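Novice: Chains as they are written, first to last, in the numbering used here: chain A, 1 to 337; chain B, 338 to 732.
No residue lacks a Cβ here, since even glycine has one placed at the ideal position from N, Cα and C.
Bear in mind the structure is a predicted one, so any value in this text is a computation, not a measurement.
Sharing a structure here in structure tokens format.
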Amino acid sequence: MDFDFSSEQYLLRDTVRDLLRRECTPGAVRAAWASESGRSPERWRKLADLGVVGLTVAEEHGGAGMDEVDLVLILEEAGRSLLPEPLLETTAVGAPLLARSGSDTLRAEWLPRIAAGDATVTVGLAGSPYVADATADLVVLERQGALHAVTQDRLTLQPLRSVDRARRLFSVTAELGDDTLLSTSAAVARWAFDHAAAATAAELVGVAGAMLDMTVAYVKQREQFGRRIGSFQAVQHKLAETLLLVDSARSAVYYAAWALANDTPDASIAASVAKAYASDAERRANAEALQLHGGIGFTWEHDLHLWLKRGKALELQYGDADLHRRRIADWIYATAG
Amino acid sequence: MNFELSGEDAAFRDEVRAWFADHREQIEHTRAVDWEAGGEAFERYRAWERALFEAGLGAVTWPVEYGGRGASMVQQAILNEEYTLADAPNRINRLGLGLLGPTLMVYGTPEQKARHLPRILACDEIWCQGYSEPNAGSDLASLRTRAVREGDEFVVNGQKIWTSLGRFGDWIFTLVRTDPAAPKHKGITFLLVDMHSPGIEVRPLIQIDGSARFAEVFFTDVRVPVANVVGRVDDGWTVAMALLGFERGGGLYGPALFNRILRDVVELSRREPRGEGVAADDPDVRRRVAQSYIETRVYELTVQRALTRLARGEAPGPEASLNKLYWSEMKVRLDELALDILGPRAELGPGSPQAENDGGWYGDYLYARASTIFAGTSEVQKNIIAQRVLGLPRE
Ligand SMILES: Cc1cc2nc3c(=O)[nH]c(=O)nc-3n(C[C@H](O)[C@H](O)[C@H](O)COP(=O)(O)OP(=O)(O)OC[C@H]3O[C@@H](n4cnc5c(N)ncnc54)[C@H](O)[C@@H]3O)c2cc1C
Numbered sequence: 001m002d003f004d005f006s007s008e009q010y011l012l013r014d015t016v017r018d019l020l021r022r023e024c025t026p027g028a029v030r031a032a033w034a035s036e037s038g039r040s041p042e043r044w045r046k047l048a049d050l051g052v053v054g055l056t057v058a059e060e061h062g063g064a065g066m067d068e069v070d071l072v073l074i075l076e077e078a079g080r081s082l083l084p085e086p087l088l089e090t091t092a093v094g095a096p097l098l099a100r101s102g103s104d105t106l107r108a109e110w111l112p113r114i115a116a117g118d119a120t121v122t123v124g125l126a127g128s129p130y131v132a133d134a135t136a137d138l139v140v141l142e143r144q145g146a147l148h149a150v151t152q153d154r155l156t157l158q159p160l161r162s163v164d165r166a167r168r169l170f171s172v173t174a175e176l177g178d179d180t181l182l183s184t185s186a187a188v189a190r191w192a193f194d195h196a197a198a199a200t201a202a203e204l205v206g207v208a209g210a211m212l213d214m215t216v217a218y219v220k221q222r223e224q225f226g227r228r229i230g231s232f233q234a235v236q237h238k239l240a241e242t243l244l245l246v247d248s249a250r251s252a253v254y255y256a257a258w259a260l261a262n263d264t265p266d267a268s269i270a271a272s273v274a275k276a277y278a279s280d281a282e283r284r285a286n287a288e289a290l291q292l293h294g295g296i297g298f299t300w301e302h303d304l305h306l307w308l309k310r311g312k313a314l315e316l317q318y319g320d321a322d323l324h325r326r327r328i329a330d331w332i333y334a335t336a337g
Numbered sequence: 338m339n340f341e342l343s344g345e346d347a348a349f350r351d352e353v354r355a356w357f358a359d360h361r362e363q364i365e366h367t368r369a370v371d372w373e374a375g376g377e378a379f380e381r382y383r384a385w386e387r388a389l390f391e392a393g394l395g396a397v398t399w400p401v402e403y404g405g406r407g408a409s410m411v412q413q414a415i416l417n418e419e420y421t422l423a424d425a426p427n428r429i430n431r432l433g434l435g436l437l438g439p440t441l442m443v444y445g446t447p448e449q450k451a452r453h454l455p456r457i458l459a460c461d462e463i464w465c466q467g468y469s470e471p472n473a474g475s476d477l478a479s480l481r482t483r484a485v486r487e488g489d490e491f492v493v494n495g496q497k498i499w500t501s502l503g504r505f506g507d508w509i510f511t512l513v514r515t516d517p518a519a520p521k522h523k524g525i526t527f528l529l530v531d532m533h534s535p536g537i538e539v540r541p542l543i544q545i546d547g548s549a550r551f552a553e554v555f556f557t558d559v560r561v562p563v564a565n566v567v568g569r570v571d572d573g574w575t576v577a578m579a580l581l582g583f584e585r586g587g588g589l590y591g592p593a594l595f596n597r598i599l600r601d602v603v604e605l606s607r608r609e610p611r612g613e614g615v616a617a618d619d620p621d622v623r624r625r626v627a628q629s630y631i632e633t634r635v636y637e638l639t640v641q642r643a644l645t646r647l648a649r650g651e652a653p654g655p656e657a658s659l660n661k662l663y664w665s666e667m668k669v670r671l672d673e674l675a676l677d678i679l680g681p682r683a684e685l686g687p688g689s690p691q692a693e694n695d696g697g698w699y700g701d702y703l704y705a706r707a708s709t710i711f712a713g714t715s716e717v718q719k720n721i722i723a724q725r726v727l728g729l730p731r732e
């Protein structure tokens with residue numbers, strides 16, 4: 001038994017962390033809030049050059065041929081740095097889905113371009129009325145129980161404004177036909193949802209970890225009543241409880257990645273455990289981060305709200321904690337006593 | 338990353354599982370009584386310890402030179418898991434095996450090791466932990482039991498309290514003040530005391546559940562050889578903290594117990610009537626059962642992560658407090674859920690024909706309430722996490 005990552009996996013994580021520390025600063029995230037597209041093709045190119053965008057694409061298609069376990073630490077970093085680009089949609093869900101269910105032609109057409117950073121793919125699964133990054137070159141849509149892979153010429157997009165303005169959401173209408181059909185299998189749709197939920201959980205852990213670190217740093221220097229507020233026990237206990245939740249969430253998130261990578265029988269449930277636990281842990285970190293920053297945290301100027309809003313959005317996407325609890329309960333009671 | 342047991346570990350699991358299967362009868366015979374009744378009942382538990390010892394399962398992680406197998410932490414976890422699955426009896430000498438033994442291996446003299454380790458293993462002598470005093474609980478270092486040196490002996494006067502197994506103890510490892518002038522963490526000495534010595538009086542304390550599993554221990558001019566000091570005189574705090582490390586971290590609490598409780602809770606919810614149907618039809622019950630599944634599963638995974646680090650030789654640090662805080666609080670929630678599913682039936686105690694499991698859920702719930710107090714309260718664990726893991730200022 002070895003429930004840890006290899007030194008290579010940590011090395012890749014560190015490389016991505018360094019890149020994002022330079023390229024995805026809070027200032028850069030604010031730039032994404034303000035810009036027309038909200039996206040930085042240069043940053044995406046750098047991620048692609050590192051092999052991150054094509055991480056889950058097979059080597060024969062020009063990717064790194066790695067799996068969910070290799071990706072999970074990187075998604076955590078994407079969450080930590082609030083990466084605006086659609087790494088989750090493209091690398092955690094879209095590309096693996098095309099590889100799994102696409103025809104040979106579709107795969108040969110799209111996977112090499114995705115891996116090279118020349119094309120992006122996003123997903124709009126049942127249960128989410130809006131599609132993030134629907135301007136992607138290819139959009140996988142779930143409609144009437146079927147998955148379709150649709151190009152822009154068949155789509156009409158209506159941009160919507162998210163409270164987290166780095167998120168670009170759209171209402172999408174599509175002309176679907178047999179030629180756009182990717183899969184009619186419920187198992188495949190479920191597989192896609194599990195991947196999206198587990199990847200979101202990984203980002204949530206990153207967002208929550210960043211908020212916890214910021215808050216710990218803040219309470220170590222802010223003084224009131226002639227002492228550092230981090231020395232008040234009421235403050236210490238909140239942060240200790242938050243750490244316990246965030247660190248425990250990592251166990252769930254890493255295991256879900258492994259279960260999906262190995263297609264274990266409990267993979268769906270592992271994804272639900274991860275999404276439910278990580279959503280709750282982030283919610284707590286979100287609450288304590290603002291509370292312990294006091295007034296300064298409530299300002300537009302302070303960066304904290306960038307994390308607060310991303311965290312809230314991720315809590316709710318691909319099933320909130322309650323949806324996943326219902327899924328788990330149904331599974332528990334469906335299995336024979 | 339992988340979750341397979343190695344060949345060696347799988348073989349160990351099979352051996353242990355087979356051994357428990359062969360000892361079904363003894364397990365049931367032992368569990369038919371409560372050791373707390375004393376006398377023959379207690380002796381059954383001692384016989385069980387001896388059987389484990391003879392099978393080489395008494396203290397598997399102890400090094401071979403001390404009578405163990407030098408097994409890994411992973412194997413210890415496997416044994417714990419199988420132990421729970423087999424519903425095997427409570428370990429009456431866990432304080433000797435789990436806490437004092439490993440501490441003596443690090444700090445004990447050759448004579449102390451030779452004298453005590455074999456008797457702990459064979460369960461010839463039962464050990465108690467004499468840390469807490471009436472005025473020294475969370476603030477352990479304010480303890481006042483005095484030990485004054487007279488030649489080759491210490492003369493001990495004072496009182497310990499909440500001493501688990503106090504009525505059955507043969508020996509007690511205890512903290513005494515040897516230098517009252519020194520700052521409170523200095524001037525403490527770690528001393529092994531024979532509980533059959535003149536001047537020791539044990540008074541049972543009845544617990545919240547009516548049993549007397551802990552006691553007060555009074556010391557009046559008890560003479561203890563200086564050779565029974567572990568570590569250095571006045572430096573007992575170091576030894577005491579090392580032992581607490583074994584208590585909180587070394588024995589990562591086994592996930593199997595919580596998994597089994599959850600399974601029983603699910604089973605209960607399927608048959609406990611509620612309105613027209615059963616509790617499992619109630620969306621609130623389902624939600625809480627799902628949350629309990631999530632919590633027990635995450636606990637199991639977190640323990641596996643910690644075991645991976647321990648297996649690589651990393652020392653259990655203050656992170657052990659995260660483990661203790663997690664399981665103790667989760668256990669209370671699990672037992673509360675069971676009581677809520679039982680509804681008004683939950684309060685029926687042992688002997689009531691309508692009681693579920695002879696009132697066992699309530700008993701488990703009460704015991705869970707102690708787990709957020711002993712071995713460092715939840716508040717103390719949070720202080721440790723805040724200050725030693727997050728690095729927040731003490732001031
Ligand atoms: C079933 C059981 C078995 C036990 N067995 C043993 C044994 O075998 N040997 C032994 O030595 N001891 C044993 N104990 C004692 C146990 O270790 C103590 O009860 C525990 O350390 C708490 O001490 P206390 O009871 O004096 O409570 P106190 O320390 O008085 O605590 C009372 C409350 O105040 C809070 N508090 C105290 N200090 C702080 C602080 N700094 N910050 C925030 N909150 C604080 C506590 O968290 C608690 O909620 C046992 C206890 C129980 C319940």
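#1: So if I threshold CB-CB distances at 7 Å, which residues from the stretch 491-505 of chain B count as touching chain A?
#2: Are there any heavy atoms of ligand 1 lying less than 7 Å away from the beta-carbon of Gly536 of chain B, as far as the coordinates show?
#3: Thinking Met442 of chain B and Tyr403 of chain B are a contact (beta carbons under 8 Å), I'd like their distance in whole angstroms, please.
#4: Just checking Ile364 of chain B against ligand 1 - is the residue's beta carbon closer than 7 Å to any of the ligand's heavy atoms?
#5: Would you say Gly467 of chain B touches ligand 1, meaning its beta carbon is less than 7 Å from a heavy atom?
#6: How would you list, in chain order, the residues of chain C whose beta-carbon sits under 8 Å from the beta-carbon of Gly297 of chain A?
#7: By the 10 Å Cβ neighbour count, where 16 or more other Cβ atoms means buried, how is Met211 of chain A classified, buried or exposed?
#8: Alpha helix (DSSP H) containing Pro26 of chain A: first to last residue?
#9: Would the beta-carbon of Gln496 of chain B fall within 8 Å of that of Val554 of chain B?
#10: Can you give, in chain order, each stretch of the beta strand (DSSP E) that sits fully within the stretch 242-317 of chain A and has at least 3 residues?
#11: Under 8 Å Cβ to Cβ from Ile722 of chain B, same chain only, skipping five residues before and after it: list those, please.
#12: Using a 10 Å radius around the Cβ and a threshold of 16 neighbouring Cβ atoms, would you call Ile733 of chain B buried or exposed?
#13: Quick one: measure Cβ to Cβ for Leu125 of chain A and Phe170 of chain A, integer angstroms, because I've assumed they're closer than 8 Å.
#14: DSSP three-state label for Phe595 of chain B, please.
#15: Quick check: what's the CA-CA separation for Asp351 of chain B versus Arg387 of chain B?
#16: Indicate whether Ile74 of chain A and Arg13 of chain A have their beta-carbon atoms separated by less than 8 Å.
#17: Between Val273 of chain A and chain B, is there a C-beta pair that is closer than 8 Å?
#18: At what residues does the alpha helix (DSSP H) containing Glu448 of chain B begin and finish?
#19: Using a Cβ cut-off of 7 Å, pull out every chain A residue sitting near Val353 of chain B, in sequence order please.
#20: Cβ of Arg642 of chain B less than 8 Å from any chain A Cβ?
#21: According to DSSP, is Leu480 of chain B part of a helix, a strand, or is it coil?
#22: Can you find a C-beta in chain B that's less than 8 Å from the C-beta of Ala202 of chain A?
#23: Which residues mark the beginning and the end of the beta strand (DSSP E) in which Pro562 of chain B is found?
#24: In the DSSP assignment, the alpha helix (DSSP H) including Thr368 of chain B goes from what residue to what residue?
#25: Could you pull out every residue in the same chain whose Cβ sits closer than 8 Å to the Cβ of Ala186 of chain A, ignoring the five residues on either side in sequence?
#26: Taking Cβ to Cβ, would you say Arg623 of chain B is nearer than 8 Å to Ala617 of chain B?
#27: When you compare only the Cα positions, how much space is there between Leu679 of chain B and Gln628 of chain B?
#28: Per DSSP, what kind of secondary structure is Lys521 of chain B in: helix, strand or coil?
#29: Considering only heavy atoms of ligand 1, does any lie closer than 7 Å to the CB of Gln641 of chain B?
#30: Among residues of its own chain, excluding the 5 on either side of Glu23 of chain A, which ones have a beta-carbon nearer than 7 Å to its beta-carbon?
#31: Quick check: is the beta carbon of Tyr277 of chain A nearer than 8 Å to any beta carbon in chain B?
#32: Should Ala289 of chain A and Ala271 of chain A be called a contact, given that it needs their Cβ atoms to be closer than 8 Å?
#33: If you measure from the CB of Phe551 of chain B, is any heavy atom of ligand 1 nearer than 7 Å?
#34: In this structure, how does DSSP classify Asp572 of chain B when only helix, strand and coil are distinguished?
#35: Identify, in the order they occur along the chain, each residue of the same chain with its Cβ nearer than 7 Å to the Cβ of Leu454 of chain B, setting aside the five sequence neighbours on each side.
#36: So, is the C-beta of Arg190 of chain A closer than 8 Å to a C-beta in chain B?
Specialist: Inspection of the coordinates gives the following:
#1: none
#2: no
#3: 6 Å
#4: no
#5: yes
#6: Of the protein chains in this structure, namely A and B, none is chain C.
#7: buried
#8: 26-34
#9: yes
#10: none
#11: Pro655, Ser658, Leu659, Leu662
#12: Here chain B covers residues 338 to 732 and nothing more, so residue 733 of chain B does not appear.
#13: Not confirmed; about 14 Å, so no contact.
#14: helix
#15: 21 Å
#16: yes
#17: yes
#18: 447-458
#19: Those within 7 Å of Val353 of chain B in chain A number zero; the least Cβ separation is about 16 Å.
#20: yes
#21: coil
#22: no
#23: 551-562
#24: Inspection of the sequence shows that residue 368 of chain B is occupied by Arg rather than by Thr. 361-368 is the span of the alpha helix (DSSP H), which, as asked, contains Arg368 of chain B.
#25: Gly145
#26: yes
#27: 18 Å
#28: coil
#29: no
#30: Arg43, Lys46
#31: yes
#32: no
#33: yes
#34: strand
#35: Tyr403, Gly404, Gly438, Leu441
#36: no
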